[in-house]
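Asks:
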Amino acid sequence: MSVAIAARPVTTRDIRARKGAEPVVCLTAYTAPMARLLDPHVDLLLVGDSLGMVVYGLPTTIGVTLEMMIAHGQAVMRGSARACVVVDLPFGSYQESPEQAFRNAARLMMETGCAAVKLEGGEEMAATVRFLVERGIPVMAHVGLTPQSVHAFGGFRARGKSEGEAGKILADAHAVADAGAFSVVLEGTQEPLARRIAEELAVPVIGIGASPACDGQVLVIDDILGMFTEFQPKFVKRFAELAPLVSDAAARYAAEVKARTFPGPEHCFGAKPR
Ligand code: KIV
Numbered sequence: 034m035s036v037a038i039a040a041r042p043v044t045t046r047d048i049r050a051r052k053g054a055e056p057v058v059c060l061t062a063y064t065a066p067m068a069r070l071l072d073p074h075v076d077l078l079l080v081g082d083s084l085g086m087v088v089y090g091l092p093t094t095i096g097v098t099l100e101m102m103i104a105h106g107q108a109v110m111r112g113s114a115r116a117c118v119v120v121d122l123p124f125g126s127y128q129e130s131p132e133q134a135f136r137n138a139a140r141l142m143m144e145t146g147c148a149a150v151k152l153e154g155g156e157e158m159a160a161t162v163r164f165l166v167e168r169g170i171p172v173m174a175h176v177g178l179t180p181q182s183v184h185a186f187g188g189f190r191a192r193g194k195s196e197g198e199a200g201k202i203l204a205d206a207h208a209v210a211d212a213g214a215f216s217v218v219l220e221g222t223q224e225p226l227a228r229r230i231a232e233e234l235a236v237p238v239i240g241i242g243a244s245p246a247c248d249g250q251v252l253v254i255d256d257i258l259g260m261f262t263e264f265q266p267k268f269v270k271r272f273a274e275l276a277p278l279v280s281d282a283a284a285r286y287a288a289e290v291k292a293r294t295f296p297g298p299e300h301c302f303g304a305k306p307r
């Protein structure tokens, strides 16, 4: 299945051109109604594979499939009209070879109509980034803390503390930018290093737990809405506290159903108003 692909007001070229200008505003979205609400306020909607944890309750992003990304990419495309939509390539769908990456990235773009794909990795993925870009697939790269490598890293801790680690992240960021990525997500990276990367790269660096010096910021939508109460990463600021509101609404609904005060006559077909 393929979808009609229409140009949108915000393109990957526009995002690329924002280097040194106004910060790029980016949020994740996984559903059509949420995309509709966010679209007027953001430049870029990221259908992140974080949906595995946020929507499906998985412990990591490792179990996310290409089919899941396509379904949610289609939903976000249906719900938004303006923002540049980027969809994550999930774990195992691109690391094997540039050809495998092309096949799956092309499928993502053809079946969702998204503007670009995102993939994780630095120097080791640079040849793949170049392969995709040279064949017409815009790529957003993702370096620093790359959640698909959580098992290799031994957890979700911030990166770039040691000199060796910092040097590797810097080299990674340069490698994917030089390979043609139109922007680079920099996640969970110590401030001085993140600032240096933002200063050195010619393309926008979109930070998450990185630095205010980045050329833009991205956060997971459920995090900024306060949908989780158990755990709040240091880099998240909650702009709303929806979890208690949802819980309270469900509790009041349950009480009214049990008391038979809902539905009232105004909610019933053919019933006379009280
Ligand atoms: O999967 C995701 O949502 C991401 C962002 C948080 C950068 O990669």
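Just so you know, the sequence shown maps onto residues 34 to 307 in the numbering used here. A virtual CB, placed ideally from N, CA and C, is assigned to each residue, including glycine.
I'd like to check one pair, G81 with D121: are the Cβ atoms closer than 7 angstroms?
Replies: yes
Asks: Beta strand (DSSP E) containing S216: first to last residue?
Replies: Taken as a continuous stretch (DSSP letters only), the beta strand (DSSP E) holding S216 covers S216 to E220.
Asks: CB-CB under 8 angstroms to R229, same chain, minus the five flanking residues each way: which ones, in chain order?
Replies: L203
Asks: Assuming A191 and G221 are in contact, meaning their beta carbons sit under 8 angstroms apart, how far apart are those beta carbons, in whole angstroms?
Replies: 4 angstroms
Asks: What are the boundary residues of the beta strand (DSSP E) that V57 is part of?
Replies: V57 to T61
Asks: Distance, Cα to Cα, E156 vs M142?
Replies: 24 angstroms
Asks: Leaving out the 5 sequence neighbours to the left and right, which residues in its chain are closer than 6 angstroms to M260 when beta-carbon positions are compared?
Replies: These residues qualify, in order along the chain: L275 and A276.
Asks: Of the choices R41, Y63 and R46, whose alpha-carbon is the least far from that of M173?
Replies: For the residues R41, Y63 and R46, the minimum Cα distance to M173 belongs to R46.
Asks: Report yes or no: do three or more beta-carbon pairs, one from the region 244-264 and one from the region 58-76, lie closer than 8 angstroms?
Replies: yes
Asks: CA-CA distance, F189 and K267?
Replies: 12 angstroms
Asks: So which of I239, G112, A273 and L152 has the shortest CA-CA distance to F124?
Replies: L152
Asks: Reducing DSSP to helix, strand and coil, say where I103 ends up.
Replies: helix
Asks: Let me check understanding here. Comparing Cα to Cα, which of K270, G200 and A206 lies closest to I254?
Replies: When each option's Cα is compared against that of I254, the closest is K270.
Asks: Where T93 and G187 are concerned, what is the direct C-alpha to C-alpha distance, given to the nearest angstrom?
Replies: 12 angstroms
Asks: Do you know offhand how far D211's Cα is from L70's?
Replies: 35 angstroms
Asks: So, under 8 angstroms CB-CB, G112 and P42 are touching, yes? Tell me the CB distance rounded to an integer number of Å.
Replies: About 15 angstroms separates the two Cβ atoms, so there is no contact after all.
Asks: Whole beta strand (DSSP E) runs in the region 277-304 with 3 or more residues, listed along the chain?
Replies: none
Asks: Using 7 angstroms as the threshold, is the C-beta distance between A227 and A206 below it?
Replies: no
Asks: Hey, would you say G213 sits closer than 7 angstroms to R168, going by beta carbons?
Replies: no
Asks: Note down, one range per segment and in chain order, each alpha helix (DSSP H) of at least 4 residues found wholly within the region 72-158.
Replies: Fully enclosed alpha helix (DSSP H) runs of 4 or longer: 84-87, 99-112 and 131-145.
Asks: Kindly indicate the opening and closing residues of the alpha helix (DSSP H) around A210.
Replies: E196 to D211
Asks: Rounding to the nearest angstrom, what Cα-Cα distance links A138 and E132 in this structure?
Replies: 10 angstroms
Asks: Which residue from A116, R115, F295 and G85 puts its Cα closest to that of A104?
Replies: G85
Asks: Would you list the residues sitting across from V183 in a DSSP beta bridge?
Replies: V183 is not bridged to any residue.
Asks: So D72 and R136 are supposed to be a Cβ contact under 8 angstroms. How far apart are they, rounded?
Replies: The Cβ separation is near 30 angstroms, so there is no contact.
Asks: Go to L226, then tell me how far its beta strand (DSSP E) extends in each direction, as first and last residue.
Replies: It is not in any beta strand (DSSP E) - L226 instead sits in the alpha helix (DSSP H) that spans E224 to E233.
Asks: Flag this pair as yes or no: are the beta carbons of V109 and A68 separated by less than 7 angstroms?
Replies: yes
Asks: Say the cut is 6 angstroms; is the CB of S182 nearer than that to a heavy atom of ligand 1?
Replies: no
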